[in-house]
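Below: one structure, written as structure tokens.
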Amino acid sequence: MYRGTRRLRHLSTDIPKTAIIIAGPTAVGKTEIAYRVASEVDGEIISADARQIYRGMIIGTAAPANSPIKHHLVGVLDPTERCTAAWWAEKATSLINDIYSRRKIPLIVGGTGLYIRALVEGMFPDASKSPEIRKNLQNKAESGVDLHKELSRVDPETANRIHPNNIVRIIRALEIYYSTGKPVSAHFENTLSPAEDWAFLKFHLTRPREELYERINNRTRQMLDSGWVEEVEALLDSGIPRSAPGMEAIGYREICDFLEGKIEKANLSEIIARKTRNYAKRQMTWFRHRESYEKIVLSSVSVEDCVRQIVTEYRK
Numbered sequence: 005m006y007r008g009t010r011r012l013r014h015l016s017t018d019i020p021k022t023a024i025i026i027a028g029p030t031a032v033g034k035t036e037i038a039y040r041v042a043s044e045v046d047g048e049i050i051s052a053d054a055r056q057i058y059r060g061m062i063i064g065t066a067a068p069a070n071s072p073i074k075h076h077l078v079g080v081l082d083p084t085e086r087c088t089a090a091w092w093a094e095k096a097t098s099l100i101n102d103i104y105s106r107r108k109i110p111l112i113v114g115g116t117g118l119y120i121r122a123l124v125e126g127m128f129p130d131a132s133k134s135p136e137i138r139k140n141l142q143n144k145a146e147s148g149v150d151l152h153k154e155l156s157r158v159d160p161e162t163a164n165r166i167h168p169n170n171i172v173r174i175i176r177a178l179e180i181y182y183s184t185g186k187p188v189s190a191h192f193e194n195t196l197s198p199a200e201d202w203a204f205l206k207f208h209l210t211r212p213r214e215e216l217y218e219r220i221n222n223r224t225r226q227m228l229d230s231g232w233v234e235e236v237e238a239l240l241d242s243g244i245p246r247s248a249p250g251m252e253a254i255g256y257r258e259i260c261d262f263l264e265g266k267i268e269k270a271n272l273s274e275i276i277a278r279k280t281r282n283y284a285k286r287q288m289t290w291f292r293h294r295e296s297y298e299k300i301v302l303s304s305v306s307v308e309d310c311v312r313q314i315v316t317e318y319r320k
């Protein structure tokens with residue numbers, strides 16, 4: 005059985021410098037399992053979720069609330085701020101070291117693969133930034149050019165991970181390609197992780213597609229019943245524009261459309277669920293190609309057995 009990267013031990017403590025990564029698509033069941041694992045190993049959780057990082061977005065991001073386990077990088081940015089993988093990896097590395105210094109175990113939990121990859125494998129340098137190229141791409145986007153199709157031609161792997169409507173990420177990926185002559189994926193080959201002195205024990209939680217989709221459908225209805233629309237109204241009333249980076253998250257933009265009369269209430273849940281299912285499909289594809297992760301199919305094991313497997317692997 006795969007045990008992850010070689011364990012590293014600090015000279016002054018018997019706690020291994022090994023962090024546990026629990027990853028997988030949205031609605032797969034990461035939260036409950038991460039909570040139980042953290043309870044077993046005396047750990048703290050670092051969220052690797054590009055949506056949970058924003059304040060005031062609890063319901064629609066399924067952010068943990070009132071948990072006895074300490075969570076980090078949840079609700080730390082204003083929705084008007086944009087979070088990058090490099091920023092997140094730097095903050096996560098600092099937190100990992102802080103958690104370890106208090107003789108606790110860091111758990112990185114979430115479904116934003118790019119964030120986790122930046123932490124484990126590193127990010128490429130700022131040489132990939134070109135304001136001139138970026139401006140040119142922005143002009144092309146405004147004139148109606150299909151930039152996602154252009155990205156699919158030069159970097160199909162990255163294009164497969166980015167939604168065609170996510171113009172910001174598409175432009176960034178094309179900027180990297182045209183600045184360096186290499187696709188995004190190639191830049192990870194010669195980089196160092198900001199947490200390079202750490203080992204990572206990586207688990208990929210998954211379920212059969214139809215089972216996961218049904219969980220997404222149910223959760224979407226529950227979120228709306230729990231006050232998701234009111235949460236979005238509160239954000240808008242506080243001065244957060246619908247164009248804010250945080251409001252790009254699935255569900256928030258659709259609820260904005262509903263509030264503006266562009267979507268019927270009867271159709272809102274299905275529209276959000278469908279877009280979430282598409283997002284989950286891209287997440288499943290991304291993690292399926294990460295061979296260093298140990299896959300756990302949650303429909304085949306109980307929650308208790310899954311937790312036991314992760315804890316046992318960590319303690320080996």
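Each residue of the sequence shown is one higher than the last, beginning at 5 in our numbering.
Ideal placement from N, C-alpha and C gives every residue a C-beta, glycine not left out.
- Residue environment: G117 is assigned as buried (16 or more neighbouring CB atoms within 10 Å of its CB, all protein chains considered).
- Taking 3 residues as the minimum length, the beta strand (DSSP E) runs contained wholly in the stretch 195–273 are 203–210, in order along the chain.
- In the DSSP assignment, I57 falls outside any beta strand (DSSP E), carrying neither H nor E.
- Annotation: the continuous alpha helix (DSSP H) that includes G117 extends over G117 to E125.
- Linking C310 to E146 through their CA atoms gives a straight-line distance of about 48 angstroms.
- Straight across, the Cα-Cα distance linking R225 with I49 is about 27 angstroms.
- Excluding sequence positions up to five before and after L216, its CB lies within less than 7 angstroms of the CB of P29, A31, V32 and A284, all in the same chain and listed in chain order.
- A23 sits in a strand when the DSSP states are folded into three classes.
- Its Cα nearest to that of E308, the residue I37 stands out among R278, I24, I37 and I26.
- Straight through space, the alpha carbons of M61 and F207 are spaced by roughly 27 angstroms.
- Put simply, the backbone Cα of R106 is about 39 angstroms away from that of N170.
- Apart from the 5 residues on each side of it in sequence, Q287 sits with its Cβ closer than 6 angstroms to the Cβ of P29 and G115 in its chain, given in chain order.
- In the assembly as shown, D241 is an exposed residue. Its beta-carbon has fewer than 16 other beta-carbons within 10 Å.
- Straight-line spacing of the CA atoms in N70 and V113 works out to 17 angstroms.
- K95 is not a Cβ neighbour of L111, given a cutoff of 8 angstroms.
- Comparing alpha carbon positions, the residue from K21, P198 and F291 closest to K108 is K21.
- Per DSSP, reduced to three states, the secondary structure at H75 is strand.
- Scanning P135, T97, D102 and Y58 for the CA closest to the CA of E85 turns up Y58.
- Burial state of E258 is buried, judged by a 10 Å Cβ sphere holding 16 or more other Cβ atoms.
- The C-beta separation of A23 from W290 comes to about 20 angstroms, leaving the pair out of contact by the 8 angstroms criterion.
- Note that the C-beta distance between Y119 and A89 is below 8 angstroms.
- The count of Cβ pairs closer than 8 angstroms, one atom from the stretch 230–247 and one from the stretch 134–151, stays below three, leaving the stretches out of contact.
- Per DSSP, the unbroken beta strand (DSSP E) holding V301 starts and ends at E298 to V301.
- In the three-state DSSP reduction, P160 falls in the helix class (H, G or I).
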